[in-house]
Amino acid sequence: MPVVSVAVCPHPPLLVPGVAGAAAGELTALRDACAEAVGVLRGCDRVVLVGGAPRTGWWPAAARPTLAPYGWESPLPSARVLAPPAPVDDDTLPLVDDGTLPLSLTVGAWLLGRSDPAARCHAAGVAPGGGAGAGRAIGALAGAVGLLVLGDGSACRGEKAPGYADPRAEAYDAHLAALLGGADTAGIAALDPELAAALLVAGHAPWQALAAAAPGPWQGTLHHHAAPYGVAYLVASWRPA
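Shown next, in the form of structure tokens:
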């Protein structure tokens, strides 16, 4: 079976209340939107986390989520990461020799576990330039597959943004919101990688994987779009049209 449902969420570490501390309330609406989007994944035979990473490939079984680099040393309640799914053809992803999940997949595992404490998932990292190939491999998996795709929009929305202010950022994010809310896989596949890199768009490679894995047709819903810290956070869900 093909991909049957999709949730798209951002991955700021501040999404986890323990990391945000006293500022946790500032992202309550974002947290609630993510929970609503992740709900579309219930009932899938398998869920695959797809997020930006230094390397493209499957993370191993029981890979550990961590937010220690962001000051959170306690164990993070999360979905359990399973071994990579058995390949179904020659278009497969390699196994990444790393027992620690990158930030995107860590937040994804936390979001999925928050929705269902017994949840299990596979975890696929996507490096820049690896999106289309990863997407084809994920799209070829057996069973009814749900995708939780993690990525932030531009990080250039104001003078205090990580990438400072870029006049192109707001229009880029508005276009991105329309594509994700409209489940426009052709438009997502056509996004300019050089512009995405210039605007520090952390979600570009995972969204390319999404477009290749799940061409649709889909009915999309945009649950949230805001840039509270100069970084665009977008939440969407897709169901079959």
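Our numbering numbers the first residue of the sequence shown as 8 and each following residue consecutively.
For every residue, glycine included, the Cβ atom is placed at its ideal position computed from N, Cα and C.
This one's a predicted model, so the numbers in the text were calculated from it and none came from an experiment.
Inset, instruction - Starting from the C-beta of VAL11, find all residues in its chain whose C-beta is less than 8 Å away, skip the five residues before and the five after it, and write them out in chain order. - result: CYS51, ALA151, VAL152, GLY153, PRO247
Inset, instruction - With DSSP as the reference, label VAL238 as helix, strand or coil. - result: coil
Legend entry - Cβ pair count under 8 Å reaching 3, the region 52 to 67 against the region 115 to 135: A contact exists between the region 52 to 67 and the region 115 to 135.
Inset, instruction - Report yes if the C-beta distance between LEU108 and ARG71 is below 8 Å; otherwise report no. - result: Annotated as proximal: LEU108 and ARG71, with beta-carbon spacing under 8 Å.
Inset, instruction - Flag this pair as yes or no: are the beta carbons of ALA190 and TRP225 separated by less than 8 Å? - result: Yes, the Cβ-Cβ distance between ALA190 and TRP225 is below 8 Å.
Legend entry - Contiguous alpha helix (DSSP H) assignments of at least 4 residues, all confined to the region 73 to 143: 110 to 122
Legend entry - For GLY188, the first and last residue of its enclosing alpha helix (DSSP H): 176 to 188
Legend entry - Range covered by the beta strand (DSSP E) that runs through LEU154: 152 to 157
Inset, instruction - Could you give the DSSP three-state label for CYS16: helix, strand or coil? - result: DSSP places CYS16 in strand when its eight states are reduced to three.
Inset, instruction - Alpha carbon to alpha carbon, how far is THR99 from GLU43? Give it in angstroms, no decimals. - result: 31 Å
Inset, instruction - Determine the extent of the alpha helix (DSSP H) in which ARG38 is found, giving its start and end residues. - result: From DSSP, the alpha helix (DSSP H) with ARG38 extends over 35 to 45.
Legend entry - DSSP state of LEU22 mapped onto helix, strand, coil: In the displayed model, LEU22 falls within a helix according to three-state DSSP.
Legend entry - Buried versus exposed call for ARG175 [16 or more other C-beta atoms within 10 Å across all chains shown]: ARG175 comes out exposed.
Legend entry - Residues that HIS231 bridges to, as DSSP identifies them: DSSP lists VAL242 as partners of HIS231.
Inset, instruction - Along the beta strand (DSSP E) that carries LEU56, what are the first and last residues, could you check? - result: Residue range 53 to 59 is occupied by the beta strand (DSSP E) that includes LEU56.
Inset, instruction - Under 7 Å Cβ to Cβ from LEU110, same chain only, skipping five residues before and after it: list those, please. - result: Cβ neighbours of LEU110 within its own chain (closer than 7 Å, five residues either side excluded): HIS18, PRO20.
Inset, instruction - With a 10 Å radius around its C-beta and 16 neighbouring C-beta atoms as the bar for buried, classify SER85 as buried or exposed. - result: buried
Legend entry - Helix, strand or coil at PRO222 [DSSP, three-state]: coil
Inset, instruction - Could you check which residue in THR192, TYR236, LEU229, GLY237 has the C-alpha nearest to that of GLY223? - result: THR192
Inset, instruction - Within 10 angstroms of the Cβ of ASP159, are there 16 or more other Cβ atoms? Answer buried if so, exposed if not. - result: buried
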